[in-house]
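Numbering (this note's numbering), first residue to last: 23 to 303. Here a beta-carbon is modelled for each residue, glycine too, at the ideal position from N, C-alpha and C. So the structure is just underneath, and the comments pick up after that.
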Amino acid sequence: MNSGLLEGASYSSKKLLRLGIILLGFRLNLYDIYNAGSTVFLIAFANLAFALVVVYGLSRLFKVEKRLGILTACGTAICGAAAVVAIAPVIKANDKETAVGAANVAVLGTIFTILYTLIFSYLDLKALEYGVFAGGTLHEIAHVVAAADPAGQAALDLAIIVKLTRVALLVPVAILIGFFIQRKETSDADQKMTLSTLPIPWFILGFLAVSAFNTTGVISEGAASAIVSFAYLLIGMAMAGLGLNVDFTAFRQMGGKALSAGLAGSVLLSVFGYLLVRIFV
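In structure tokens, the structure reads:
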């Protein structure tokens, strides 16, 4: 691969990625999360916490490299590839680990989306209950939309709200992971930890700021939707840039165990999310 192409791939996987995640904030309206009520928020939070702990635990059990295990857990728990690439700089993951983590989560999300649409009629859930289930357990926003659509508009709307609640939790999760990473590093180096030294990708705060701005209603729904589509385009370009930096042999060697951990964790998340809906919704 020539140097010009490598330079472009590197630019896409870093600069365009950050801009894409910031603009993705136009997908989130904080009022929708508030209006959905505390039960929906707590279910989304419980699913996220469960997935983080279980998928990371399985990754360690399957002897997945630590950084890749964290990325797989975050992608499964929060918002798929966008979470992977947002958390990557916090834990200082390299391009190979980031690309493998994003690809694995995308594959898993697609598999479970197809599975959900096939078993929807056998789950014994009302439309709104299914919306909470899909939004609380699937990986990407696109996966949630595809899986919840057969249940009707009301179920789709609620599924998106639950999913966006998980997306909003990307910010505190990133800060928390950054805190623990920095605490370990400063402890090992016998240094004092300060806010300015926290390895937090500050563009995530840009995502939150854009979400807050979108909540004010200044931007029309149509304009916000167009911006979100552009954000996904930028993120897609960033994913392509990451992919160009990854050797297929290395991908195959690194990704198998992480995919297995993510698959097992996603199955457990689906079961856990289903039980939460049956008990609390």
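Counting along the chain, the unbroken alpha helix (DSSP H) around E119 starts and ends at 117-141. Judged by pairs of C-beta atoms under 8 Å, the segment 182-190 does not touch the segment 121-129, as fewer than three such pairs exist. Between the beta-carbon of L90 and that of M276 there is about 6 Å, and that keeps the pair under the 8 Å contact cut. Of all alpha-carbon atoms in L39, K37, L83, the one lying nearest the alpha-carbon of A286 is that of L83.
Rounded to whole angstroms, the gap between the alpha carbons of F302 and K37 is 42 Å.
The beta carbons of G59 and G97 sit about 27 Å from each other, so the pair does not count as a contact at 8 Å. Counting along the chain, H165 sits inside the alpha helix (DSSP H) bounded by residues 163-170. Boundaries of the alpha helix (DSSP H) harbouring R188: 175-190, taken from the DSSP string. Judged by their CB atoms, E162 and G200 are not nearer to each other than the 7 Å cut-off. Spatial neighbours of I133 in its own chain (CB-CB distance under 7 Å, excluding positions within 5 residues in sequence) are not present. Counting only the Cα atoms, C101 lies some 18 Å from S81. Within the model, the alpha-carbon separation for R49 versus L147 is close to 27 Å.
Look at E87 here: in three-state DSSP terms it is coil, with no helix or strand label.
For L255, same chain residues with a beta-carbon under 8 Å away, outside a window of 5 residues either side, are G42 in chain order. A245 is not a Cβ neighbour of N236, given a cutoff of 7 Å. The continuous stretches of alpha helix (DSSP H) do not include V240, and DSSP gives it neither H nor E. In summary, I226 is buried, with 16 or more beta-carbon neighbours lying within 10 Å of its beta-carbon over all protein chains present. Excluding residues up to 5 positions away in sequence, G287, L290 lie with their Cβ nearer than 6 Å to the Cβ of V76 in the same chain.
By the neighbour-count criterion, in which 16 or more other beta carbons inside 10 Å mark a residue as buried, S292 falls on the buried side. With contacts defined as CB atoms closer than 7 Å, I44 and F229 qualify as a contacting pair. Within the same chain, and ignoring the five residues on either side of G153 in sequence, the residues whose Cβ sits closer than 8 Å to its Cβ are A170, A173, A176, A177, L178, D179, L180, A181, V184.
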